[in-house]
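First the structure, in the form of C-alpha cells, and then the observations on it.
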Amino acid sequence: MATCSVEGLQDLLGRAGLDTPVPEFPGSDILHNIQDVFKAYLADALQKTVPCDRLAAYDAIQPPNMTGMGDLVIVSPKLRLEGVEPKALKGLVADLAQRLPSGPPLTVPIPDGIHLRVMSSGETLARLVPPYIIHRKATFGFNDVAGLTDAQATDSPKKKIVVEYSSPNLAGDFAPRHLRSTLVGAFVANLFQGMGWDVVRMNYLGDWGKQIGLLAAGWKRFGSDEAFAKDPLRHLLDVNDKITAEFKPEQEASRALKNENKDPAEVESQGLFAERDETFQRLEHGDEEIIALWNPFRNATVERLAAAHARLGIVFDDRSGESQVSAESVAEVEDTLKEKGIYELQQDGGWTLDFAKHDSKGLGWAAMRYRDGTSGYLLRDVAAVLDRYKTHAFEKMLYVVEAKQDTHFQRIHKTLELMDRAHLSAKIQHVSFGDITGLNGDFTDCRLLDDYLDKARDLARQALADEEEGVFLNQDDQTIDRLGMSALIAQDLAHKRTGSYAMDAHKMAGFGPSTGVTFQNCYARLASLLAGQPATDEIDFATLKYDTLQTPEYSDLLRVMAQFPDIVSASYKTLEPSHIVSYLMRLVENTEIALQEDDDQEWEDRDDEVAARMVMYEAARQVLENAMRLIGLQPCAA
Ligand code: ARG
1 MATCSVEGLQ DLLGRAGLDT PVPEFPGSDI LHNIQDVFKA YLADALQKTV
51 PCDRLAAYDA IQPPNMTGMG DLVIVSPKLR LEGVEPKALK GLVADLAQRL
101 PSGPPLTVPI PDGIHLRVMS SGETLARLVP PYIIHRKATF GFNDVAGLTD
151 AQATDSPKKK IVVEYSSPNL AGDFAPRHLR STLVGAFVAN LFQGMGWDVV
201 RMNYLGDWGK QIGLLAAGWK RFGSDEAFAK DPLRHLLDVN DKITAEFKPE
251 QEASRALKNE NKDPAEVESQ GLFAERDETF QRLEHGDEEI IALWNPFRNA
301 TVERLAAAHA RLGIVFDDRS GESQVSAESV AEVEDTLKEK GIYELQQDGG
351 WTLDFAKHDS KGLGWAAMRY RDGTSGYLLR DVAAVLDRYK THAFEKMLYV
401 VEAKQDTHFQ RIHKTLELMD RAHLSAKIQH VSFGDITGLN GDFTDCRLLD
451 DYLDKARDLA RQALADEEEG VFLNQDDQTI DRLGMSALIA QDLAHKRTGS
501 YAMDAHKMAG FGPSTGVTFQ NCYARLASLL AGQPATDEID FATLKYDTLQ
551 TPEYSDLLRV MAQFPDIVSA SYKTLEPSHI VSYLMRLVEN TEIALQEDDD
601 QEWEDRDDEV AARMVMYEAA RQVLENAMRL IGLQPCAA
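Letter by letter, the sequence shown follows residues 1 to 638 of full-length UniProt numbering.
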C-alpha cells in the first residue's frame, strides 16, 4: 500500500508540502515507526544548527514520557558538544529554540531546562497519520522484521520462540499465580507474534508428581464415576481436598520429626505416605492399571481448561505437561551429571545436586530424584528444556511464572551450564511476576479458571445494568462474557508486572478511566460512528480536506496515535504490559475529547471535512484494536 514504501511515504509528504526527502539515519525505521519521520527531519535540522555529530544529534532525540510534553525531546547533554560546560546547556537550549527552523513537519520548540521539547505540526499529523495507520492495519505499531532470522532479508525465516504460560496443576486449584501467568503470558506471546516471531504457545500442565499418587489414593476412597462425569474438575478438587485432609496428620508427624532433626523414614514408610509414593512409582513405571485411572483425569482437565482458555481468546499450540517429559531426556540429564561427577547419591537412595559446591551458594541443593526413585520437579523441568529444544529448535524460550519460583529457574540455568549446555541456558528466560494479594470478596471462592471468568462476567453484567448513559455496547451474552474477560485482563495488566496488587472487584468491571469495559465501550462507539463509511481501500487520501483536523483536540488524538510504535517497542524490551494499558487509557481519553469536539461543532455542508474526520476515526479505531488485541482483549464490535 502507498505509504508502505519509502517512495509512497515520500509522495504523501510531498503533498503535505515537504519536498526534501526524509533524511537518512542509521537506526531510523520510517516504514515501521511514524515518529522516526519527524525525528529524522528534526535531527537533520539540529545537526545543521549546532556543530554536533550527526549520529549524536539523532540519538539525542527521544520520545517524551507523557503526551502534552512534546512529541520529541532533545536531551541536550546527549549532543555531546565539545567545550560546552554542563551549566551552559540551559543557555544553549534557549538559543537553539530561537535558531531551529520551524514549520512542517515540526512547530516552534519549547525550552524546558536542558531539554528542548518539539511538537509535530498539526498539518503534517493530519495528512500523514491516518493513511500511515490505515495502510498498515493490524501491523501498525509492530515491527515484524524484528523476529526474522535475518533482519535485512524480508524473506528469511522467522525466529522461533516458545512461551510457556498458565501451567496449572491437575486436581489442584487454579490459583491466582496461574491466573496472572495466563494473562501476562498471553500478552507476551501476542507481543512476540506482532514482532514477527514464530510463537509456540505452551501450557505445561502439572500432571505428574507425588500429588498424583495421593490423588489416586483419594480416588479409591472418595471417587465417583457419576460425579466425575457431571463435573470432572470440581469432583477432582473435592477428592483431592478430602484426601489431603486425611493425609495432614501424617505430614505433620513427619515434619515434626524433621524439625527435631530425626529421620522421618519410618513414618513415611506407612499409611498414606507409602500408598502415595508407591502409586506414583507405579505411574512412573507405566503401570497400566494406574495409567488407565489417571488418563481420564488428565484428558478431562486438558479439555475443560481449553474451553476456559478459549473464553479468554487463548489457544495453546502445545498442551504438554510434566507427564510428557521423555525418559530419554531425563536419562540424558542424569547421565551427564553423573559423568561430570556432580550428581550425588544420598544415603537414603535419593539423588541431589548441590549448587553450593559449584559457585552458586545462594541456590542451595535440590532433590532431583527421591529415595523411592521417582523424579522431582527440577529434573523434569531440565529434561523438558532438552525435549522442547529437540522438538522446536527455539531461538528463545520464556517461562511466564511467578517470582516465587525464581530460585527454581536459576537452578535450571545452572544445571544446564553444569551440563555444558550454556548456549541452551542463554536461550531461556524466566519472565516473573508479582502476586495477586488478597482476592477481593467476590473472588475468594474461585477454584477453577471458569470460576474467575464467571465472576468477572457477572460483574460486567452488573456494571452494564448500573450504567445509565453513554453505553454503546450490545447486551447479549457473548458481549457480556467478553466484557468480563476484558475487565479481568485489563485490571491485571494495568499493574506493573513485577509488582503485586490486590484485586478490586468494584473498580474492575466498571466504567472507570482504564478498565477493560471502558476500552470496549470506546471501541463500540467508534465502530458505530464508522458504520456505513466507505471501505478503507476506496479512500482517496489525496483529496481529503484536512484543515479541521488541526484543532488541538484532533491534533492531540493524532499525536497519541503516532506514539503507538514507540510504546510497543518499549514494552518489547521490558515485556511490560502496563505501558500498553496506560497507553490505551490515553488513547481512549483523547478519542473521547475529540468526539466531544465533534458535538460542539456544526458539520452541515462540510462533507469533505467530515470525510477526513471519519478517516481519522477509522485510524483511531485501528490503533485501539491493535492495542486491545495486544493485551488480549477481543473487540466486541469487530
Ligand atoms: N505447575 C506449576 C505451579 O503450579 C507451574 C509450572 C511452571 N513451569 C515450569 N516449567 N516449571 O506452580
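Cβ atoms here follow ideal geometry from the backbone N, Cα and C, with glycine treated the same way.
If you're wondering where the values come from, they're calculated on a predicted model, not measured in any experiment.
In this structure, phenylalanine 511 lies near alanine 463, with their beta-carbon atoms less than 8 Å apart. Note: histidine 430 is bridge-paired with Tyr399 in the DSSP secondary-structure output. Residue pairing for arginine 369: DSSP places it in a beta bridge opposite Trp351, Ser375. Residue pairing of histidine 115 in beta bridges, as defined by DSSP: Val75, Asp112. At a Cβ-Cβ threshold of 8 Å, alanine 490 and isoleucine 631 count as neighbours. Burial is judged here by how many other beta carbons sit within 10 angstroms of a residue's own beta carbon; proline 111 has at least 16 and is buried.
Counting along the chain, the unbroken beta strand (DSSP E) around glutamate 164 starts and ends at 160–164. Judged by beta-carbon spacing, serine 120 lies within the 8 Å limit of leucine 106, meaning their Cβ atoms are closer than that value. Here aspartate 44 carries a helix assignment [DSSP, helix/strand/coil].
Within its own chain, the residues whose Cβ lies closer than 6 Å to the Cβ of isoleucine 593, once the five positions on either side in sequence are excluded, are Glu553, listed in chain order. In the structure shown, the three-state DSSP call for tyrosine 204 is coil. Here the C-alpha atom of glycine 271 lies approximately 12 Å from the C-alpha atom of threonine 279. Under the three-state reduction of DSSP, alanine 502 is assigned to strand. By the Cβ test, the segment 262–270 is not in contact with the segment 230–237, since fewer than three Cβ pairs between them sit closer than 8 Å. The residues Ala16, Gly17, Leu18, Ser121, Glu123, Thr124, in chain order, have a CB closer than 7 Å to that of proline 104 in the same chain once the five nearest residues on each side in sequence are set aside. DSSP places threonine 154 in the coil class of the three-state scheme, outside both helix and strand. Taking lysine 427 as the centre and dropping the five residues before and after it, the same chain places the C-beta of Phe394, Glu395, Lys396, Met397 closer than 7 Å to its C-beta, in chain order. Counted as a single uninterrupted DSSP element, the alpha helix (DSSP H) harbouring cysteine 522 occupies residues 516–530. At least one heavy atom of ligand 1 is found less than 7 Å from the C-beta of glycine 206.
In this structure, the straight-line span from the alpha carbon of alanine 356 to that of isoleucine 342 is close to 11 Å.
Note that the C-beta distance between methionine 614 and glutamine 563 is not below 8 Å. Bridge pairing for leucine 106: Gly103, Ser120 [DSSP]. The beta-carbon distance between alanine 2 and tyrosine 546, rounded to whole angstroms, is 16 Å. This is too long to meet the 8 Å contact definition. The criterion of a C-beta distance shorter than 8 Å is not satisfied by glutamate 467 and leucine 386. Contact annotation: the segment 217–231 does not touch the segment 150–157, with fewer than three C-beta pairs closer than 8 Å. Taking 7 Å as the cut-off, the C-beta of glutamate 332 does not count as close to any heavy atom of ligand 1. Of the residues assessed, histidine 285 falls on the exposed side of the cut-off, its CB having fewer than 16 other CB atoms within 10 angstroms.
Counted as a single uninterrupted DSSP element, the alpha helix (DSSP H) harbouring glutamate 278 occupies residues 271–284.
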